[in-house]
Every structure is written in C-alpha cells, then in structure tokens.
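S.K.: My structure is below; once you've seen it, I'll send some questions.
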Amino acid sequence: MEQESQLTRLGLFDARVPRYTSYPTAPHFSAEVGPAKFEEWIEAIPAGASISLYMHVPFCRRLCWFCACRTQGTQSEEPVRAYSETLLAELKMLKDRLAPGVKLSRLHWGGGTPTLMPADMMRRVANAVFEAVPMGEGAEFSVEIDPNEIDAARMDALAESGMNRASIGVQDFDPQIQSVIGRDQSYEITRAAVEMIRERDVASLNADILYGLPHQTPTKIADSVQKLLSLNPDRVALYGYAHVPWMARRQTMIPSDHLPTPQERLKLFEVARELFVADGYDEIGIDHFALPTDGLSIAQKAGKLRRNFQGYTDDLAEALVGMGASSISRFPQGYAQNASATSAHTAAIREGRFSTARGHEFTAEDKLRARLIEALMCDFEVSTEELVRDFAADREELAAMFKACADHFGDMVQLSDEGLRIPMKGRPLTRMIARHFDAYDLSKAGHSSAI
Numbered sequence: 008m009e010q011e012s013q014l015t016r017l018g019l020f021d022a023r024v025p026r027y028t029s030y031p032t033a034p035h036f037s038a039e040v041g042p043a044k045f046e047e048w049i050e051a052i053p054a055g056a057s058i059s060l061y062m063h064v065p066f067c068r069r070l071c072w073f074c075a076c077r078t079q080g081t082q083s084e085e086p087v088r089a090y091s092e093t094l095l096a097e098l099k100m101l102k103d104r105l106a107p108g109v110k111l112s113r114l115h116w117g118g119g120t121p122t123l124m125p126a127d128m129m130r131r132v133a134n135a136v137f138e139a140v141p142m143g144e145g146a147e148f149s150v151e152i153d154p155n156e157i158d159a160a161r162m163d164a165l166a167e168s169g170m171n172r173a174s175i176g177v178q179d180f181d182p183q184i185q186s187v188i189g190r191d192q193s194y195e196i197t198r199a200a201v202e203m204i205r206e207r208d209v210a211s212l213n214a215d216i217l218y219g220l221p222h223q224t225p226t227k228i229a230d231s232v233q234k235l236l237s238l239n240p241d242r243v244a245l246y247g248y249a250h251v252p253w254m255a256r257r258q259t260m261i262p263s264d265h266l267p268t269p270q271e272r273l274k275l276f277e278v279a280r281e282l283f284v285a286d287g288y289d290e291i292g293i294d295h296f297a298l299p300t301d302g303l304s305i306a307q308k309a310g311k312l313r314r315n316f317q318g319y320t321d322d323l324a325e326a327l328v329g330m331g332a333s334s335i336s337r338f339p340q341g342y343a344q345n346a347s348a349t350s351a352h353t354a355a356i357r358e359g360r361f362s363t364a365r366g367h368e369f370t371a372e373d374k375l376r377a378r379l380i381e382a383l384m385c386d387f388e389v390s391t392e393e394l395v396r397d398f399a400a401d402r403e404e405l406a407a408m409f410k411a412c413a414d415h416f417g418d419m420v421q422l423s424d425e426g427l428r429i430p431m432k433g434r435p436l437t438r439m440i441a442r443h444f445d446a447y448d449l450s451k452a453g454h455s456s457a458i
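See the structure below:
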C-alpha cells in the first residue's frame, strides 16, 4: 500500500507518456526529411554492413477496434496484390542504391496482416527481398501471423521462404472481451495456427497479449495467460492497451466506461507478470518475457538488449530500413517515415522515387539522450562512463541531470558515482523516469498511459 501511495504521488496513474520505441518520438518528426535525405542515408550504408528490414502490409480482413496501427480493411485480394507489386518495385529501388555486400540481420513482415498475401505473392516478395539484401549468418526472418488468416499453403510459402520466427497476436482469449474489442479469435484457432508453425520446424514463436482491456479482471487475464503458456511461446510481449480514440477513431467502438482504472491496470499487469515468471520466463525490460534460451534473454544478460519500433530486440544492426506505406526507418543519421496513405506511397514508387514524407535528423544531444533513455528502458540503469566514452558527454552535466531526476523521484531511483539505476520498486515508473530526460515538448498528443 505504501508503494502504491508513492506511485500515486509521483503521477503513475495519471500520466500519459511515450513508449520510447524511438527518441525523439514520432510526433516530433517533420517534413524536413524527404526522399533525397532517405536516399543519401541508404547510400551511406557501408559495403558489407548488416541491416534490418521492416516491411509493412497495411491490409486487414477486418479492423480490430482496439488497434491504433496504420491499417485499412479489404475483402478482396486485388488491393493486396497491387500493393505487393509496389513492394517489389520499392525493393528494386533499394537494391539499386545499396553498397555491395550488404546483408540482412533481421527481416520482419508486419501490418496489418501480412498473411493476407496469397502464397505465390509471399514467395515473390520474399525472393525480391533476398535479391536486394541476402540473409546474413544467423539472420532472423519473422512474420506477424493472424491465426484467423492463415492456411497450409501460405504457411508453407513462409516456411519455405526462410521464416524462422513467427509472431501471433492473442490479446485475450475471453469471448466477452474479444467481442467488445472486435477481435474474435478462439483458443482452438490460435492453437491450430501454432501447431502449423511448429510442424514446419519454425525455430521460434512470439506472442502478444494485452492488459487493460474492457471487462478484464485478474481472473480473466490469469486464464488467458495460462492458455497462452500452454502454447509454449519463446517470447511474449505483455502490452498495456492504449485507449486513444482521438488518434484511432475505431476505438470509439470500445466501451470506455468498462475500461479498468489505472490502479486495476497495474494489478492486471502484476497478475500476468507473476504467471510468466513462475513458468520460467525471464523479465525483459518493462513489458516482455522470454525463455532463457531466447535471443532477448541472452542479449539482456550480455548487456546488448536494444529497443526499436518493434519493441525490445537483440538486433545490433545500425540501420533499420522500412519498406511500405507508413514504415519508419532508423539510420545512424536519423529517422525517415514513408507516406502514411497507401495511395500516396504507391504514387511515389510508380514515379520512381521513395515516398519519404517526414523524419528527423539527429543532433549530438539527440544521440546522447536516445541512448540514455534506451539504457533505462532496457537495463533499468545508465552508465556515466558509457555516455562519456561514446558521446563525449560532460560529466558535470550528466551528474546534474541525474541529481535532478533523483530529487524528483526520490528512492524510486538510485544515484551513484557509476550513474543512475531504477530499483525493482521503481520499475513501474520507468517510462516516466525516461520522460524526465526527454528534451522535447511533451504536450504532443498520442501518448499512452504510463502503465
């Protein structure tokens, strides 16, 4: 009760803060970064380097009401095929601008619903990716799979194309909750999809589950987590549902009066967390869990855990290139985001130019603060020596920044000569502590609840 009182006093249950999958966050991107800058950054990738590639497929058979991603509904195969042809052209443009010998470290197909693509188109797109950027040694190819939108032919196409990590969205198995969030997906359908994945010797399985949904109770979330654990995922993301109907109009379909209170959200998270830990999963950062054999767990123990637009990652590639409408790329020089509208993105590619619509070019201070925030989000501690060594940071300025944080958060952080650390009791405040080091205007809309 005393800890909850401290968390209340520090604003945990009232604050709206970024998830810090980037710094600065996307609301601070501007049109100053366009296609020319994107090309310049692509061409600056050194010969023989390793990069990551994210490919966005924005189509869904149905639009889940809880989702705030850039998606659009379709009942027809035609828009998906047409969009896939655009991806093929975009990949060819990328290939023409990359230096020799660049290899893939990670390839991720996300959406939307990538598994809406027909099997033959999946193979064509995968082949085009590998013609542009071959897979490097130990590379991962992951795909977001909708259990409602997969069959043997499409699963075969993905496995035969090299998919070695599959990701499934669960959200919650309770039928009432599924109904009010517009996501009907039974445990049986999900289990059948997992069995198809396992039968094809796909090495690893990711799963997403949500807390903070309407009508969710500790008993219900415990039941959903136990069902998920029966599927033996290697890695789980336990995300807090972000109710932002001013950003995602479809969320107006969700009855906000049945959403749990912030205090109830924290309880839901703790119930799920305890079940994952009891089942042998390692806690990864603020909202992931992984088996000790999974890459995330290994990276965390080695101090090599990182954070990007997909959340926590063990990928150390310096460049993440986004293909498709609304995709965001990260380069050592900055961020670049493609046009959000599928029509605008397609028009640009047809004209032979990339669709980069906005982004952000890093300053030296951006790079310093980005690493400081990433270290807090990944390791719950930040090293003064690292920041001085890698970013030429001023020790006295860092000491002043850390002291101001400690003055505000009290014993929820620990200050030492080595740097700043967040102890276990302060970890619910991690995003708020990270926000303390954010130099940008925090009034931008779109941030989610701190828990």
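Letter 351 of the sequence shown, counting from 1, is numbered 358 in the numbering used here, and no numbers are missing.
Ideal Cβ positions, reconstructed from N, Cα and C, are used throughout, including at glycine.
Just the C-alpha distance for R205 and D215, rounded to the nearest angstrom, thanks.
M.R.: Each residue's alpha carbon lies about 18 Å from the other.
S.K.: In the stretch 166–243, which residue ranges form an unbroken beta strand (DSSP E) of at least 3 residues, counting only runs that do not cross its ends?
M.R.: If we require 3 residues or more, the beta strand (DSSP E) runs fully inside the stretch 166–243 come out as 172–178, 211–218.
S.K.: Out of A377, A160, M330, state which residue places its alpha-carbon closest to the alpha-carbon of K99.
M.R.: The shortest C-alpha separation from K99 is found at M330.
S.K.: Which one of S333, Q270, K234, L266 has the shortest CA to CA distance from L94?
M.R.: Considering only alpha carbons, the answer is S333.
S.K.: V109: which of P53, Y61, C385, L217 sits nearest, CA to CA?
M.R.: Answer by Cα proximity: P53.
S.K.: Can you give me the start and stop residues for the alpha helix (DSSP H) that N134 sits inside?
M.R.: 126–139 is the span of the alpha helix (DSSP H), which, as asked, contains N134.
S.K.: Below 8 Å between beta carbons: does that hold for S168 and M128?
M.R.: No; because the gap between Cβ atoms is not below 8 Å, this pair is not in contact.
S.K.: Should the stretch 298–316 be regarded as contacting the stretch 40–47, the criterion being three or more beta carbon pairs within less than 8 Å?
M.R.: Contact between the stretch 298–316 and the stretch 40–47 is absent, because fewer than three Cβ pairs lie under 8 Å.
S.K.: Drop a sphere of 10 angstroms on the beta-carbon of G287, count the other beta-carbons inside from all chains shown, and report buried for 16 or more, exposed for fewer.
M.R.: That one is exposed.
S.K.: Cα separation between T349 and S423?
M.R.: Cα-Cα distance, rounded: 50 Å.
S.K.: Hey, quick one: how far does the beta strand (DSSP E) through G117 stretch, first residue to last?
M.R.: Run containing G117: 110–118, per the beta strand (DSSP E) assignment.
S.K.: Determine the closest residue to E151 out of R438, R69, A285, L212, with distance taken between C-alpha atoms.
M.R.: When only C-alpha atoms are compared, the closest one is L212.
S.K.: Spatial neighbours of D448 within its chain, please: C-beta separation below 8 Å, excluding the five flanking residues on both sides.
M.R.: Same-chain partners within the cutoff: H35.
S.K.: What is the DSSP secondary structure of Y447, counted as helix, strand or coil?
M.R.: The answer is coil: DSSP assigns Y447 none of H, G, I, E or B.
S.K.: What is the DSSP secondary structure of G41, reduced to helix, strand or coil?
M.R.: Reduced to three states, the DSSP call for G41 is coil.
S.K.: Please report how far the alpha carbon of R442 lies from the alpha carbon of P25, in whole angstroms.
M.R.: Answer to the nearest angstrom: the Cα atoms are 8 Å apart.
S.K.: Using CA coordinates, which residue listed in A159, E156, V136 is at the minimum distance from F148?
M.R.: It is V136.
S.K.: Figure out for me which residue from I58, E47, E50, P225 has the closest Cα to the Cα of V328.
M.R.: If we check each option's Cα against that of V328, I58 comes out closest.
S.K.: Taking DSSP's pairing of strands, which residues face M330 in a bridge?
M.R.: Per DSSP, M62.
S.K.: Reducing DSSP to helix, strand and coil, say where H352 ends up.
M.R.: Note: H352 maps to helix in three-state DSSP.
S.K.: Can you name, in chain order, every residue of its own chain whose Cβ lies under 6 Å from the Cβ of G176, other than the five neighbours on each side?
M.R.: Contacts found: D215.
S.K.: Examine the Cβ distances between the stretch 263–276 and the stretch 192–211 and report whether three or more of them are shorter than 8 Å.
M.R.: Cβ pair count under 8 Å is below three, so no.
S.K.: Determine the direct distance from the alpha carbon of A371 to that of L17, and round the result to whole angstroms.
M.R.: Spanning the two alpha carbons is a distance of roughly 30 Å.
S.K.: From V284 to T120, what distance separates their C-alpha atoms?
M.R.: Going from the Cα of V284 to the Cα of T120 covers about 30 Å.
S.K.: Counting along the chain, where does the beta strand (DSSP E) carrying F338 start and finish?
M.R.: 335–338 is the extent of the beta strand (DSSP E) around F338.
S.K.: Tell me the DSSP bridge mates of A148?
M.R.: It should be pointed out that residue 148 corresponds to Phe in this sequence rather than to Ala. Answer is L114.
S.K.: Would you check if there are 3 or more beta carbon pairs closer than 8 Å linking the stretch 229–244 to the stretch 299–306?
M.R.: They touch, by the three-pair rule.
S.K.: For D322, I'd like the list of residues in its chain whose CB is within less than 6 Å of its CB, leaving aside the five on either flank, ordered along the chain.
M.R.: Answer for D322: S59, S112, R113, listed in chain order.
S.K.: Could you check if V395 is buried or exposed, using at least 16 other CB atoms within 10 Å of its CB as the buried criterion?
M.R.: V395 is exposed by the Cβ-count criterion.
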